Each structure stands twice: as C-alpha cells, then as structure tokens.
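K.L.:
I have a structure here, written as structure tokens, and I will follow up with some questions on it.
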Amino acid sequence: MWWYQYAQRHGYSYFRIVDTVPHTDEDPFGRAHSACFYTWHKIVALKHLLPLLPQCELLTVIDSDTKVANQSIPVLDALVRDFNFTGPSMIAMSSEPDAPHNYVHSPIENKAVLNQNTGFVAVRNRPRAAEIIMQWLSCSRRDSSQSCEECLHGWPCEQCAWAKYIRPTLLPSEYTVLPCTHFNSWPGAGAHLVGPNCDARGGLVVQHYWTAKNVAAEHFEQELDKDPLVRQQLLAQVSEEKGTLIKMGPEDTKRVFGLA
1 MWWYQYAQRH GYSYFRIVDT VPHTDEDPFG RAHSACFYTW HKIVALKHLL PLLPQCELLT
61 VIDSDTKVAN QSIPVLDALV RDFNFTGPSM IAMSSEPDAP HNYVHSPIEN KAVLNQNTGF
121 VAVRNRPRAA EIIMQWLSCS RRDSSQSCEE CLHGWPCEQC AWAKYIRPTL LPSEYTVLPC
181 THFNSWPGAG AHLVGPNCDA RGGLVVQHYW TAKNVAAEHF EQELDKDPLV RQQLLAQVSE
241 EKGTLIKMGP EDTKRVFGLA
C-alpha cells in the first residue's frame with residue numbers, strides 16, 4: 001500500500017506483480033536453487049512487462065524491502081535529473097557495498113568485478129533494453145553460448161550473471177551504475193555491512209533494507225497515512241483498480257523464452 005500511495009502522489013503507474021510460477025522443471029528456472037528461483041523471476045517480470053506497458057517510458061522493479069527515502073522524492077525524475085540516466089542508457093542499478101564478498105570473477109574481463117544490486121532496477125522501455133534483458137535471461141539456458149549455469153545455484157544469483165556475463169558485453173553508455181549510498185543502503189546499517197562507497201547512514205534516495213526486512217516493514221507502517229479513513233480509501237482503491245495487479249504464471253515465463 002505504501003508504494004501505491006507513493007505512485008499516486010507523483011502520477012506514476014503502480015503495478016503489483018504476483019509470481020505464481022511453481023517451482024517445477026517445466027519452468028526454465030525449475031533447476032535453480034530455491035535461493036535463486038524467485039530472484040531470477042524479477043528479470044522475467046521485466047521482460048514480460050516491457051511490451052505489456054508501452055505507455056511507460058521507464059519501468060522499475062522494486063524489492064518488497066525497498067522504499068524511497070522520502071515520499072516527496074519523485075524517484076524516476078531524480079534518476080534522469082540527478083543521476084544521468086539519460087540518452088542511450090537502458091538500465092540502471094546500484095553498486096553493492098565495496099567489500100570482498102560482493103565481488104565475482106568475470107571470465108570476459110578476466111578480473112574481479114563488483115556486483116550491482118537488483119533490489120531497485122530501472123529500465124528504459126526501448127527495444128535495446130528488451131534485448132539486454134533477454135540476453136540476461138538467455139544465459140541461464142543450458143544451450144546458451146554464454147552459459148551462466150553457476151548463477152542458478154546460489155547467491156548472488158541473477159546479479160552474478162549480470163556482473164560476470166552481461167554488463168561486460170555492453171557499451172559503458174548503455175548502463176548506469178547508481179551510487180550505493182543513495183540507492184542501496186539505509187540509515188542505521190551497521191558499519192560492518194557497508195564499504196567505502198556505501199555510507200552506513202545511506203539510502204539517501206532509495207533505502208534497501210537487505211538484512212533488516214523487519215525494519216523495512218516497520219518503516220512502511222510508520223510512514224503510511226495515520227488517518228484511518230485515508231487508509232481505508234487507499235485499500236479500496238488498490239483492490240478496485242484492475243490495472244494494479246499483474247499475475248505471472250508458468251506460461252508467461254515460458255513465453256518469454258519462446259517455449260510457449
């Protein structure tokens with residue numbers, strides 16, 4: 001409900017995605033470890049939504065433990081105005097904190113590279129963006145020439161595939177690395193969780209409570225309108241607006257891969 005209220009305030013469209021894909025072998029990610037199964041489906045959702053929402057110039061997929069620091073911040077406008085998400089840049093994500101466990105070895109670049117986090121992903125609704133998303137998904141297939149099979153079986157899952165196999169093939173102008181302090185931390189994050197590129201008092205634009213999901217829930221609750229009548233009206237609007245709910249099932253996932 002927090003995100004619905006936020007979208008209403010800024011004139012954005014809000015869609016709640018419910019993933020109904022069963023954890024079975026019929027799904028292209030059926031062989032994925034449980035830790036990765038649903039995180040990979042965020043990328044499936046992006047590929048599914050781009051053609052479904054042609055009226056949207058920018059799309060974001062946001063984790064449930066992620067929120068904008070302040071409801072007054074128009075985050076999509078801020079991406080363009082303040083963080084250079086413009087022109088040929090097709091996709092934007094934050095870097096992870098600069099710590100040893102957040103690096104993976106890229107065989108393409110033959111060096112360790114810092115992961116980016118998919119808790120907040122912004123995508124420009126253009127054909128080139130759809131190509132990049134499909135490249136990202138396709139590396140999970142066993143018959144792919146750019147196989148990222150190891151990224152199906154443990155953290156950092158889809159982030160592993162992006163850092164190792166996808167980002168190194170793109171032009172620097174085609175992606176935007178958002179600053180960790182602004183998009184991938186939260187006030188009160190322990191100093192042991194962050195790095196020199198990511199302040200423990202961070203989350204200046206988007207707050208991502210990746211190890212404090214209970215705190216995220218508390219903050220969502222605290223910031224929702226306290227007026228019971230307003231809350232009731234918001235709940236009614238969310239339930240009545242048919243366009244706010246998108247269900248994704250097995251056929252949607254297979255269709256993305258050209259299997260249906």
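Here the sequence shown stands for residues 1 to 260, numbered as in UniProt numbering. Glycine is no exception: its CB is placed at the ideal position from the N, C-alpha and C atoms. Note that the coordinates shown come from a computational prediction; the quantities given were computed from them, not determined experimentally.
Looking only at its chain, what residues have a beta carbon closer than 7 angstroms to the beta carbon of residue 199, apart from the 5 residues adjacent to it on each side?
P.N.:
Once the five neighbours on either side are set aside, the close Cβ partners of residue 199 are 181, 185.
K.L.:
Would you report the Cα separation of residue 215 and residue 3, rounded to the nearest angstrom?
P.N.:
16 angstroms
K.L.:
Pull up the CB-CB distance for residue 161 and residue 140, whole angstroms please, since I reckon it's below 8 angstroms.
P.N.:
7 angstroms
K.L.:
Give the straight-line distance between the Cα atoms of residue 79 and residue 86, rounded to the nearest whole angstrom.
P.N.:
8 angstroms
K.L.:
Whole angstroms are fine: how far does the CA of residue 175 sit from the CA of residue 126?
P.N.:
13 angstroms
K.L.:
Measure the Cβ-Cβ separation of residue 157 and residue 36 and say whether it is below 8 angstroms.
P.N.:
yes
K.L.:
Which residues does DSSP pair with residue 195 in a beta bridge?
P.N.:
198, per the DSSP bridge assignment.
K.L.:
From this set, 190, 120, 110, which residue's C-alpha is nearest residue 95's C-alpha?
P.N.:
Out of 190, 120, 110, 120 has the C-alpha closest to the C-alpha of residue 95.
K.L.:
Just to confirm my understanding: we take residue 67, look at its own chain, exclude 5 residues before and 5 after, and list those with CB closer than 6 angstroms. What are they?
P.N.:
207
K.L.:
According to the neighbour-count rule (16 or more other Cβ atoms, all chains shown, within 10 Å of its Cβ), is residue 81 buried or exposed?
P.N.:
exposed
K.L.:
For residue 102, tell me which candidate among 165, 193, 53, 59 has the shortest Cα-Cα distance.
P.N.:
193
K.L.:
For a minimum of 4 consecutive residues, which ranges assigned as the alpha helix (DSSP H) are wholly contained in the stretch 93-177?
P.N.:
127-138, 157-161
K.L.:
Just mark residue 47 as buried or exposed, buried being the case when its beta carbon has 16 or more other beta carbons within 10 Å.
P.N.:
buried
K.L.:
Which residues bound the alpha helix (DSSP H) around residue 215?
P.N.:
213-223
K.L.:
Report the CB separation of residue 133 from residue 43 in whole angstroms; it is logged as a contact under 8 angstroms.
P.N.:
The C-beta distance from residue 133 to residue 43 rounds to 6 angstroms, short enough to fall under 8 angstroms.
K.L.:
Going by alpha carbons, who is nearest to residue 10 out of 177, 179, 173, 77?
P.N.:
77
K.L.:
Got a sec, what are the start and stop residues for the beta strand (DSSP E) residue 86 sits in?
P.N.:
Taken as a continuous stretch (DSSP letters only), residue 86 belongs to no beta strand (DSSP E), as it is neither H nor E.
K.L.:
Tell me, which residues are paired with residue 60 by DSSP?
P.N.:
122
K.L.:
Can you tell me whether residue 159 is buried or exposed, with buried defined as 16 or more other CB within 10 angstroms of its CB?
P.N.:
So residue 159 counts as buried.
K.L.:
Taking all protein chains shown into account, decide if residue 196 is buried (16 or more other Cβ within 10 angstroms of its Cβ) or exposed.
P.N.:
By the 10 Å Cβ count, residue 196 comes out exposed.
K.L.:
For residue 203, which residues of its own chain have a beta-carbon under 7 angstroms away from its beta-carbon, when the five flanking residues on both sides are left out?
P.N.:
The beta carbon of residue 203 sits closer than 7 angstroms to those of 69, 185, 186, 187, all from its chain and outside the five residues before and after it, given in chain order.
K.L.:
Which word fits residue 62, buried or exposed, when buried means at least 16 other C-beta atoms lie within 10 angstroms of its C-beta?
P.N.:
buried
K.L.:
With the cut-off set at 8 angstroms, would you say residue 169 and residue 91 are in Cβ contact?
P.N.:
no
K.L.:
Three-state secondary structure (DSSP) at residue 12?
P.N.:
In the three-state reduction of the DSSP assignment, residue 12 falls in the coil class.
K.L.:
Once DSSP output is grouped into helix, strand and coil, what is the label at residue 205?
P.N.:
coil
K.L.:
Evaluate residue 51 with the Cβ neighbour count: other Cβ atoms within 10 Å of its Cβ, from every protein chain shown; 16 or more gives buried, anything less gives exposed.
P.N.:
Taking all protein chains shown into account, residue 51 has fewer than 16 neighbouring C-beta atoms within 10 Å of its C-beta and is therefore exposed.
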